[in-house]
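Engineer:
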Amino acid sequence: MAVVWDMSQWTRTDSLQPTVRSSGTLITTGTRTIMYGRQAGGANQSVLNGASNGAANSGGGGGALGHDKLKIGFCTDLDKSVLVNNFEKRGWHQVNGDDDWHFYWAGVQTCRNIFSVDSGYRMHDNQMINHFPNHYELSRKDLLVKNIKRYRKDLERDGNPLAEKTESNNSSGTRYLYLDFVPTTFVLPADYNMFVEEYRKFPLSTWIMKPCGKSQGAGIFLINKLSKLKKWSREAKGPFHPQIAKESYVISRYIDNPLLIGGKKFDLRLYVLVASFRPLKAYLFKQGFCRFCTVKYDTSVTELDNMYVHLTNVSVQKHGGEYNTLHGGKWSVQNLALYLEGTRGKEVTDRLFGAISWLIVHSLRAVAPVMASDRHCFECYGYDIIIDNALKPWLVEVNASPSLTSTTVNDRILKYKLIDNILSVVLPPDGVPDVRWNKVPSADALGNFELLIDEELAAQDEQHQNSSSNAHSKTSKMGSRWK
1 MAVVWDMSQW TRTDSLQPTV RSSGTLITTG TRTIMYGRQA GGANQSVLNG ASNGAANSGG
61 GGGALGHDKL KIGFCTDLDK SVLVNNFEKR GWHQVNGDDD WHFYWAGVQT CRNIFSVDSG
121 YRMHDNQMIN HFPNHYELSR KDLLVKNIKR YRKDLERDGN PLAEKTESNN SSGTRYLYLD
181 FVPTTFVLPA DYNMFVEEYR KFPLSTWIMK PCGKSQGAGI FLINKLSKLK KWSREAKGPF
241 HPQIAKESYV ISRYIDNPLL IGGKKFDLRL YVLVASFRPL KAYLFKQGFC RFCTVKYDTS
301 VTELDNMYVH LTNVSVQKHG GEYNTLHGGK WSVQNLALYL EGTRGKEVTD RLFGAISWLI
361 VHSLRAVAPV MASDRHCFEC YGYDIIIDNA LKPWLVEVNA SPSLTSTTVN DRILKYKLID
421 NILSVVLPPD GVPDVRWNKV PSADALGNFE LLIDEELAAQ DEQHQNSSSN AHSKTSKMGS
481 RWK
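Just so we're aligned: the sequence shown equals residues 1 to 483 in UniProt numbering.
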């Protein structure tokens, strides 16, 4: 299944990956349904114009929003210059959460409080917030795995070809041919017996333990023996670790054959903006980056506890003696693409980036049915992806609050641009938050984002295509009468 990408812009120009329609019953190999990398302003501009005009006429979107220009008040729980500078350059003024705000860049706890039934808070049409009420369905490690497993089972039950299986090389039985993008994972303590059963089939395998509700590498460790897990379990139940005993963990098969560059392990941090879950509207930021370990990769038992070898988190690596403060152990995704094209070839590099988009879209599809898709909300997720030495991408985890801390000059520039582009995509053309807007940004508003999927536009495209086909069919039949 070859794919073609223009890596200079990281824009996919064709898609031969199979995909599923919103009905969950049809596979298509074109760009009509999923539209990876489609520029919202090219061949489909007529659809966009029609949608925008309709929204403007109904009081949402465009320049005729049906309200006078508001003086926008913003709130933020994060004292980050990349946020405040972007807000202030738009002429917005900062207010407190108790004041009348229009745009809130909130922490997850504030978001929970606002959407809590007990709070009684009701947002008006000119308010937006940067989290969906139950964003954790995607960002909690245990819930992410649960939702992806359910998604695959639902497709399988419906007889959808996307759920096709094939023989597995490194685990028992079979694996999903198209949806095998998450390492074999169990939730502990609930799935302990199932994990032990799987482990005993491959007793030399290495597994990685992560607490479900933590980030930045906290509480993570590797095991290659059941005795180590049992020892941890005993200690967790002791009087000195009451908090561990109450926590759920995920244990995943460790990707022990990662792609190495300069002998070092790395992962990808990609930013994915979701404007809506129903219909699903998602965008990929083209300026993602690689995060490198500071110590060369080593699979020996003696290095199993060395997190500078195994964990790519900057929050971990910055404490290592080999950490470089100039580049922060980071590499742009464009540099990665050029490196891979030079060492592996363009075709396989294009296929890799196509598989990454495929992975992101279907992880979002997996959680869409259970997400509370409030029109006041949008969210920027930080996707962490590991590439193995066969150039297969694996989804490691998704962060609901990716760090906006800048560790280098380039980091600061990237994150400033990220926030600027997010605002351009989620706000109507006049820059005033309005939930009545149809959330169809112009091509210029996308900035460094590219469209991954817009189910609403896809449905309009399909309807337009069907109408054209029907009209052509009627014309042909009329013509045949006169022959």
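Idealized CB from N, CA, C, for every residue including glycine. As the structure is a prediction and not an experimental result, all values here were calculated from the model.
Can you tell which of T408, T185, V348 has its C-alpha closest to the C-alpha of Y254?
Structural biologist: Counted from its first residue, the sequence shown places residue 254 at position 254. Cα-wise, what sits closest to Y254 is T185.
Engineer: Go through its chain and collect everything with a Cβ distance to V145's Cβ below 6 Å, but skip five positions before and after it.
Structural biologist: For this step, residue 145 is matched to residue 145 along the sequence shown. If we look at V145 and ignore the five residues flanking it on each side, its Cβ neighbours are T185.
Engineer: Should N466 be labelled buried (16 or more other beta-carbon atoms within 10 Å of its own) or exposed?
Structural biologist: Stepping through the sequence shown from its first residue, residue 466 is reached at position 466. Its Cβ having fewer than 16 others within 10 Å, N466 is exposed.
Engineer: Please state if the CB of S276 and the CB of S139 are separated by a distance shorter than 7 Å.
Structural biologist: Counted from its first residue, the sequence shown places residue 139 at position 139. Counted from its first residue, the sequence shown places residue 276 at position 276. No. Outside cutoff.
Engineer: Among G73, A106, D256, W437, whose alpha-carbon lies nearest the alpha-carbon of C380?
Structural biologist: For the purposes of this step, residue 380 is identified with residue 380 of the sequence shown, where counting begins at 1. Measuring from the Cα of C380, the nearest candidate turns out to be A106.
Engineer: Residues in its own chain within less than 7 Å of residue 520 by CB, not counting five upstream and five downstream?
Structural biologist: Given a span of 1 to 483 for the chain in the structure shown, any question on residue 520 remains unanswerable.
Engineer: Three-state secondary structure (DSSP) at R278?
Structural biologist: Indexing the sequence shown from 1 puts residue 278 at position 278. DSSP places R278 in coil when its eight states are reduced to three.
Engineer: For F266, which of helix, strand or coil comes out of DSSP?
Structural biologist: Sequence index remark: in the sequence shown, residue 266 carries index 266 (1-based). DSSP places F266 in strand when its eight states are reduced to three.
Engineer: Determine the contact status of residue 486 and V95, defining contact as a CB-CB distance below 7 Å.
Structural biologist: The requested residue 486 does not occur in the structure, where the chain is confined to residues 1 to 483.
Engineer: Near S424, what residues of its chain come up, given a Cβ to Cβ distance below 8 Å and the 5 sequence neighbours on each side ignored?
Structural biologist: Taking the first residue of the sequence shown as position 1, residue 424 is located at position 424. Contacts found: P441, A445, L446, G447.
Engineer: Can you name, in chain order, every residue of its own chain whose Cβ lies under 6 Å from the Cβ of R375, other than the five neighbours on each side?
Structural biologist: Walking along the sequence shown from the start, residue 375 turns up at place 375. Correct list, in chain order: V435.
Engineer: Tell me the DSSP secondary structure of Q94 in three-state form.
Structural biologist: For the purposes of this step, residue 94 is taken as the residue at position 94 of the sequence shown. Three-state DSSP puts Q94 in a strand.
Engineer: Per DSSP, what kind of secondary structure is residue 485 in: helix, strand or coil?
Structural biologist: Residue 485 lies beyond the range of the chain shown here (1 to 483); nothing can be said about it.
Engineer: Could you tell me the boundaries of the beta strand (DSSP E) in which I208 lies?
Structural biologist: Locating residue 208 in the sequence shown gives position 208, counting from the first residue. Start and end: 207-211.
Engineer: Evaluate K439 with the Cβ neighbour count: other Cβ atoms within 10 Å of its Cβ, from every protein chain shown; 16 or more gives buried, anything less gives exposed.
Structural biologist: Counted from its first residue, the sequence shown places residue 439 at position 439. Label assigned to K439: buried.
Engineer: How is the alpha helix (DSSP H) around S86 delimited, first residue to last?
Structural biologist: Along the sequence shown, read from residue 1 onward, the residue named residue 86 stands at position 86. First, the residue type needs correcting, since residue 86 is Asn and not Ser in the sequence shown. Where N86 is concerned, the enclosing alpha helix (DSSP H) stretches over 81-89.
Engineer: Indicate whether the contact test is met: 3 or more Cβ pairs, each with one atom in the segment 112-124 and one in the segment 76-93, closer than 8 Å.
Structural biologist: Verdict: no, contact absent.
Engineer: From the DSSP output, in three-state form, read off P183 for me.
Structural biologist: The residue labelled residue 183 in the question sits at position 183 within the sequence shown. P183 falls in the coil class under three-state DSSP.
Engineer: Counting Cβ pairs closer than 8 Å, one from the segment 399-412 and one from the segment 148-159, do we hit at least three?
Structural biologist: No: fewer than three Cβ pairs fall under 8 Å.
Engineer: Do you know how far the Cα of C212 is from the Cα of Y192?
Structural biologist: The sequence position of residue 192 within the sequence shown is 192, counting from 1. The sequence position of residue 212 within the sequence shown is 212, counting from 1. Each residue's alpha carbon lies about 15 Å from the other.
Engineer: Looking only at C-alpha atoms, which of R278, L284, K265, M209 sits nearest to F292?
Structural biologist: As a first step, residue 292 is located in the sequence shown; it is residue number 292 there, counting from the start. Selected option, being the one with the closest Cα: K265.
Engineer: For M128, which residues does DSSP report across the bridge?
Structural biologist: Here the question's residue 128 lines up with position 128 in the sequence shown. Looking at the DSSP assignment, M128 forms a beta bridge with F103.
Engineer: For A337, count the other beta carbons within 10 Å of its own beta carbon; 16 or more makes it buried, fewer makes it exposed. Which is it?
Structural biologist: Your numbering for residue 337 matches position 337 in the sequence shown. So A337 counts as buried.
Engineer: Could you please give the first and the last residue of the uninterrupted beta strand (DSSP E) stretch that includes residue 490?
Structural biologist: Past the boundaries of the shown model lies residue 490; the chain is included only from 1 to 483, so the question cannot be answered.
Engineer: Looking at the structure shown, is L452 part of a helix, part of a strand, or coil, going by DSSP?
Structural biologist: Numbered from its first residue, the sequence shown carries residue 452 at position 452. In the structure shown, L452 sits in a strand (DSSP, three-state: E or B).
Engineer: Just the C-alpha distance for F285 and L270, rounded to the nearest angstrom, thanks.
Structural biologist: Here residue 285 refers to the residue found at position 285 of the sequence shown. Here residue 270 refers to the residue found at position 270 of the sequence shown. Roughly 7 Å between the two C-alpha positions.
Engineer: Can you tell me which of L359, L451, R365, D454 puts its alpha carbon nearest to the alpha carbon of P183?
Structural biologist: As a first step, residue 183 must be located in the sequence shown, where it is residue number 183. The shortest Cα separation from P183 among L359, L451, R365, D454 belongs to L359.
Engineer: Return the CA-CA distance between L179 and L162, expressed in angstroms with no decimal places.
Structural biologist: By one-based count along the sequence shown, residue 179 stands at place 179. By one-based count along the sequence shown, residue 162 stands at place 162. So the alpha carbons of these two residues sit roughly 7 Å apart.
Engineer: Quick one: measure Cβ to Cβ for N134 and A366, integer angstroms, because I've assumed they're closer than 8 Å.
Structural biologist: Against the sequence shown, residue 134 aligns to sequence position 134. Against the sequence shown, residue 366 aligns to sequence position 366. Not a contact, Cβ separation roughly 14 Å.
Engineer: From this set, K210, N224, M194, V187, which residue's C-alpha is nearest P203's C-alpha?
Structural biologist: The residue given as residue 203 occupies position 203 in the sequence shown. The option with the nearest alpha carbon to P203 is N224.
Engineer: Between the Cα of N257 and those of Y249, V250, S205, S233, spot the shortest distance and give me the residue it belongs to.
Structural biologist: Counted from its first residue, the sequence shown places residue 257 at position 257. The shortest Cα separation from N257 among Y249, V250, S205, S233 belongs to S205.
Engineer: Along the chain, where does the beta strand (DSSP E) containing R291 start, and where does it finish?
Structural biologist: By one-based count along the sequence shown, residue 291 stands at place 291. 289-292 is the span of the beta strand (DSSP E), which, as asked, contains R291.
Engineer: Measure the CB-CB distance between L222 and N389 and report whether it falls below 7 Å.
Structural biologist: Within the sequence shown, numbered from 1, the residue matching residue 222 stands at position 222. Within the sequence shown, numbered from 1, the residue matching residue 389 stands at position 389. Taking 7 Å as the Cβ cut-off, L222 and N389 do not qualify as a contacting pair.
Engineer: Decide if R351 is buried, meaning its Cβ has at least 16 other Cβ atoms within 10 Å, or exposed.
Structural biologist: Here residue 351 corresponds to residue number 351 of the sequence shown, with the count starting at 1. With 16 or more Cβ atoms within 10 Å of its Cβ, R351 is classed as buried.
Engineer: Determine, using beta carbons only, whether S168 and I208 come nearer to each other than 7 Å.
Structural biologist: Residue 168 sits at position 168 when you count from the first residue of the sequence shown. Residue 208 sits at position 208 when you count from the first residue of the sequence shown. No, Cβ-Cβ distance for S168 and I208 is not below 7 Å.
Engineer: Jot down the residue ranges of each uninterrupted alpha helix (DSSP H) in the segment 341-373, minimum 4 residues, whole runs only, in chain order.
Structural biologist: You should have 346-367.
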